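For the sequence shown, counting from 1, position 84 maps to 73 in the working numbering; every step adds exactly one. Glycine included, each C-beta is placed from N, C-alpha and C at the ideal position. As the structure is a computational prediction, the values presented were derived from the model and not from experiment. In what follows, a structure is listed as structure tokens, so that the remarks can point back to it.
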Amino acid sequence: MSMSSIMDSLVPAYIEILPPGIGTVKFQFNPLEYSVGKSANWVSSPQKGEENGGAPEFQGSMARHFDVTIFFDATLLKNDVQVNIDLLFSTCDPSQESIAQGNPEPPHVLFGWGTNRGFESFMRTIEVTYKLFRATGEVLRAEANISMEEIPTSLPPTNPSSGGLAARRTHTLLAGENLALVAHKAYGAPVFWRALAAVNGIDDPMRVPVGTVLLVPDRGEIKGLS
């Protein structure tokens, strides 16, 4: 069997840009490995007179992350690899639909390989190394290291008769973010951070751990709390 026949018989892995996004980045070469990680946030407080400290308190789970390297090679093709690389990079930008709705969010992406479909994620980082070029400068070979982070499942709406807020969506607090920044991204007004804190039962808004899953109500509901 020829090498091309072997390659054709393989089921390619892919990165799917979920609707309303358009496009799929298919792997030319299936990965030799990929990694999935998850962690939990536990806090231990010193206890006077205790040799081993206090019992750890669970502060919440962190989102899963997925990391893989994609190889692109166009040495035997007439085109270059930049089209797929540009498609990958586009997943780091807010979708046009979310911009039009006044709530910029990245497109959702998903790693798949045959019957193996991963978890819905957003693209956290893409690092591309260009390795081979035509004499005219077009890229022939490149290596992309990508890292994706899981998008948490939204909480179900509360019963309207209970007087609770409908859980429209959630947001996992990222490194470098605070409630004011989340309020600015969600509502265009950082002053709503106090209402966000109240909705999520946060007593100390200055010490919200990275990875905390925040309930983010719609603008009408949050304005009613401010």
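What residues in its chain sit with their C-beta under 7 Å from that of glutamate 94, if we drop five residues either side in the sequence? If you ignore the 5 residues before and after glutamate 94, its C-beta comes within less than 7 Å of the C-beta of Pro83, Ser84, Ser87, all in its own chain and listed in chain order.
Starting from the Cα of leucine 121, find the closest Cα among Thr114, Glu132, Arg113, Met112 and give me that residue. For the options Thr114, Glu132, Arg113, Met112, the alpha carbon positioned closest to that of leucine 121 is the one of Glu132.
Evaluate glutamate 116 with the Cβ neighbour count: other Cβ atoms within 10 Å of its Cβ, from every protein chain shown; 16 or more gives buried, anything less gives exposed. The residue in question, glutamate 116, is exposed, as its Cβ has fewer than 16 Cβ neighbours within 10 Å.
Between the CA atoms of glutamate 127 and threonine 58 - distance to the nearest angstrom: The straight-line gap separating the alpha-carbon atoms of threonine 58 and glutamate 127 is approximately 21 Å.
Distance between threonine 118 and alanine 124 (C-alpha atoms, nearest Å): Computed Cα separation, rounded: 18 Å.
Please list, in chain order, all residues of the same chain as glycine 12 whose beta carbon is under 6 Å from its beta carbon, the five residues on each side excluded. So the list reads Ile6, Leu76, once near-sequence residues are dropped.
Residue range of the beta strand (DSSP E) that includes arginine 158: First-last of the beta strand (DSSP E) with arginine 158: 158 to 161.
Please say whether histidine 173 and leucine 203 have beta carbons closer to each other than 8 Å? No, Cβ-Cβ distance for leucine 203 and histidine 173 is not below 8 Å.
Inter-residue Cα distance where the pair is proline 45 and valine 32: Per the coordinates, the alpha-carbon of proline 45 lies some 5 Å from the alpha-carbon of valine 32.
Quick one: measure Cβ to Cβ for asparagine 30 and glutamine 48, integer angstroms, because I've assumed they're closer than 8 Å. The pair is a contact, with the Cβ atoms about 4 Å apart (cut-off 8 Å).
Could you check if glycine 107 is buried or exposed, using at least 16 other CB atoms within 10 Å of its CB as the buried criterion? Answer is buried; the Cβ neighbour count reaches 16.
Segments assigned beta strand (DSSP E), at least 3 residues, entirely inside the stretch 106 to 137: For the stretch 106 to 137, whole beta strand (DSSP E) runs of length 3 or above, ordered along the chain, are 110 to 122.
Determine the contact status of alanine 52 and glycine 200, defining contact as a CB-CB distance below 8 Å. Their beta carbons are under 8 Å apart, which means alanine 52 touches glycine 200 by this criterion.
Given that a residue counts as buried once 16 or more other Cβ atoms are within 10 Å of its Cβ, and exposed if not, what is serine 110? Only buried fits serine 110, as 16 or more other CB atoms lie within 10 angstroms of its CB.
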